[in-house]
Amino acid sequence: MVNRSAQDIRRLNRFEVLRCFHATAGPRTRQDLARETTLSFATVSNLTAELLDAGVLLEVGHAGSSGGRPRALLTLNADRGTLIGVDVGETSIRTELFDLALGEMAVDERSITPSDVTPEQIIDLIETGVDTVLTTAKAPRSRVLGVGISLPGLVERERGVSTYSPYWAWRDVPMRDHLAERLDLPIHLDNPLKASALAEMWFGAGRDVDNLVVVMLRSGVGAGLALDGTLYRGTTNSAGEWGHSCLVFRGRRCRCGNLGCVEAYVGTYGIAETLRSLAPDDPLLAADGDRSAPLLAGLAARLADGDPVATEVVGQTAAYLGAAVGNLVNILNPEVLVLGDQVAAYLGEHLLAGTRTALADHTLAQPLRAVTLRLSSLPHDAVSRGAAALAFEGFLNDREVFGPVSRARTAKART
Ligand SMILES: [Zn+2]
0 MVNRSAQDIR
10 RLNRFEVLRC
20 FHATAGPRTR
30 QDLARETTLS
40 FATVSNLTAE
50 LLDAGVLLEV
60 GHAGSSGGRP
70 RALLTLNADR
80 GTLIGVDVGE
90 TSIRTELFDL
100 ALGEMAVDER
110 SITPSDVTPE
120 QIIDLIETGV
130 DTVLTTAKAP
140 RSRVLGVGIS
150 LPGLVERERG
160 VSTYSPYWAW
170 RDVPMRDHLA
180 ERLDLPIHLD
190 NPLKASALAE
200 MWFGAGRDVD
210 NLVVVMLRSG
220 VGAGLALDGT
230 LYRGTTNSAG
240 EWGHSCLVFR
250 GRRCRCGNLG
260 CVEAYVGTYG
270 IAETLRSLAP
280 DDPLLAADGD
290 RSAPLLAGLA
300 ARLADGDPVA
310 TEVVGQTAAY
320 LGAAVGNLVN
330 ILNPEVLVLG
340 DQVAAYLGEH
350 LLAGTRTALA
360 DHTLAQPLRA
370 VTLRLSSLPH
380 DAVSRGAAAL
390 AFEGFLNDRE
400 VFGPVSRART
410 AKART
């Protein structure tokens, strides 16, 4: 049973108001916000008062109105502090520094040596990435409001524990405590599915719809779910592990150990396997380190030249993807389904067109009519950007900043 407390509703409404500012730049009146969010004017006034108190919003003049009182124009206070988003991938770590309007200030990318990665190595790399972006942007550490970190695999949010990583032999590592100690900053952990969904909710297709599925296609595969306007996490934060649902009974061996998983067909390893079955000696299969980007870039270049093998590989991938995505559409009845991340970025329209055709063969007519399938409009950094949004939400949930304590403190400071 969904039983949201008044505090939860207030928190969600706060996000809703701020998302308007991230949707399109430019100042807004309280009346604009009420219209855009469909919240009452009284609720918007209340929320904006709180956000002005906390310095997240600023008044920047007045809108001219014919007669009546002039209406204050509000905008995001980009200089209120900074946010850091970290995307820990299988073979690289991307760290980005943003201002509070989520404008990028600095980025750092460093590779992970794939074999035998320990939590300590990842913590070292995250620390170096964070130090580097702060130094590059000459941004003081004291102004960082939070660090959002996306770790691959399953993450238990409440305890800040990486419970399972598909790539590394980790179980139950209390990463948040380790990282908080090292970085001395507020840490918010989650996985790339949640980060991708948040990125679309704040900056992409999810701004306009309440029911959204974000299909993440990289070496790992999964679905981020935003249902009824809220990020859906499931009972233990593992919702969306659709990449490890069965697509082909007793099919290919997946990296999780099971047979026939979606990921084993539409993740980069799956795509390589399909290519291998058609052209075992193809140079794109040369195995030295991470071949995901060269494989996908090579396939994309050959597609453009009409190469029959590349066309067949992408055709088969799209057919698998359409069938697998059809399950999501039948179960969840979303309004928009976004294909995102590395595979979608490289194979783009070719993949989309084939997936759309296959989807029609595997979906009931009614939910099929209701859904729009599209490529992600976000740039290459959806996960690190979504991780920064996670840190922003964490800051907005901070009861020291937003709550009875802060209101009392602000009132006192003003007298
Ligand atoms: Zn699997």
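Residue numbering for the sequence shown follows numbering that gives the first Met the number 0, beginning at 0 and increasing consecutively. Quick reminder that beta carbons are idealized off the backbone N, C-alpha and C, glycines included.
(message) For ligand 1, I want to know if N257 counts as a neighbour, meaning its beta carbon is within less than 8 Å of at least one of the ligand's heavy atoms.
(response) yes
(request) For A410, collect the residues of the same chain with a Cβ closer than 8 Å to its Cβ; drop the 5 residues on either side in sequence, then sort them by chain order. (result) With a pLDDT of 49 at A410, under the threshold of 50, the predicted position of this residue should be treated as unreliable, and no value is reported.
(request) Assign D7 to buried or exposed, taking buried as 16 or more other Cβ atoms, counted over all protein chains shown, within 10 Å of its Cβ. (result) exposed
(request) Pull up the distance between the alpha-carbon of V146 and that of E392, whole angstroms please. (result) 11 Å
(request) Confirm, please, whether the CB-CB distance from M200 to A388 is below 9 Å. (result) yes
(message) If distances are taken between C-alpha atoms only, which option among N332, V87 and V328 comes closest to A357?
(response) V328
(message) Counting C-beta neighbours from all protein chains within 10 Å, is the total for I330 16 or more, i.e. buried, or is it exposed?
(response) exposed
(request) Apply the 10 Å Cβ neighbour rule to P191 and answer buried if 16 or more other Cβ atoms are within range, or exposed otherwise. (result) buried
(message) Residues in the same chain with beta-carbon distance under 6 Å from L351, minus the five sequence neighbours each way, listed in chain order, please.
(response) L374
(message) Less than 7 Å between C-beta atoms, sequence neighbours within five positions excluded: which residues of the same chain meet that for W241?
(response) G221, A222, V261 and L327
(message) Measuring only from the beta carbon, is G269 closer than 8 Å to any heavy atom that is part of ligand 1?
(response) no
(message) If you follow the alpha helix (DSSP H) that F202 is in, where does it begin and where does it stop?
(response) P191 to F202
(message) Let me make sure I understand the geometry here. Which of I83, T28 and D52 has the alpha-carbon closest to that of V59?
(response) T28
(request) Run through the stretch 208 to 287 for me and flag every whole alpha helix (DSSP H) of 4 or more residues, listed as ranges in chain order. (result) 262 to 265 and 267 to 277
(request) Could you work out which residue in L226, E49, T134 and S39 is closest to D397 when comparing CA atoms only? (result) E49
(request) Give every residue of the same chain whose Cβ lies closer than 7 Å to the Cβ of V312, excluding the five residues on either side of it in the sequence, and list them in chain order. (result) I270, T273, L274, L277 and L298
(request) List the DSSP bridge partners of G393. (result) For G393, which the question treats as bridged, DSSP gives no partner whatsoever.
(message) On the CB-based measure, 16 or more other CB atoms within 10 Å of its CB, does G325 come out buried or exposed?
(response) buried
(request) Using only the heavy atoms of ligand 1, determine whether one of them is closer than 8 Å to the beta carbon of C19. (result) no
(message) From the DSSP secondary-structure annotation, give me the bridge partner or partners of D86.
(response) R93 and S149
(message) Can you tell me whether T47 is buried or exposed? The criterion is at least 16 other CB atoms within 10 Å of its CB, across all chains shown.
(response) buried
(request) Could you please give the first and the last residue of the uninterrupted beta strand (DSSP E) stretch that includes R170? (result) R170 to V172
(request) Below 7 Å CB to CB, which residues in the same chain sit around A344 once its five sequence neighbours on both sides are set aside? (result) H379
(message) Can you determine whether any heavy atom of ligand 1 sits closer than 8 Å to the C-beta of H61, and answer yes or no?
(response) no
(request) Within its chain, find whatever has a CB closer than 6 Å to the CB of A412; leave out the 5 residues flanking it on each side and keep chain order. (result) At A412, the pLDDT of 47 sits below 50, so the modelled position is not reliable; the number obtained from the coordinates is stated separately. Excluding positions up to five away in sequence, the list is empty.
(message) Could you pull the DSSP bridge partners for S110 from this structure?
(response) S91
(message) Please identify the residue among Q365, E348 and L295 whose C-alpha is closest to the C-alpha of N332.
(response) Q365
(message) Taking 8 Å as the cut-off, does the stretch 181 to 191 touch the stretch 165 to 172 (at least 3 CB pairs, one atom from each stretch)?
(response) no
(message) Checking 9 Å against the spacing of the C-beta atoms, do V55 and L99 come in under that value?
(response) yes
(request) From the DSSP output, read off the bridge partner residues of L306. (result) Here residue 306 turns out to be Asp, not Leu, going by the sequence shown. DSSP, once it has assigned bridges, lists no residue as partnering D306.
(request) Indicate the three-state DSSP secondary structure (helix, strand or coil) for R408 in the structure shown. (result) Since pLDDT at R408 reaches only 47, below the 50 mark, its modelled position is unreliable, and the value read off the structure follows with that caveat. It is helical.
(message) Closest to D78 by C-alpha separation, out of N45, E180, I92 and V143, would be which residue?
(response) V143
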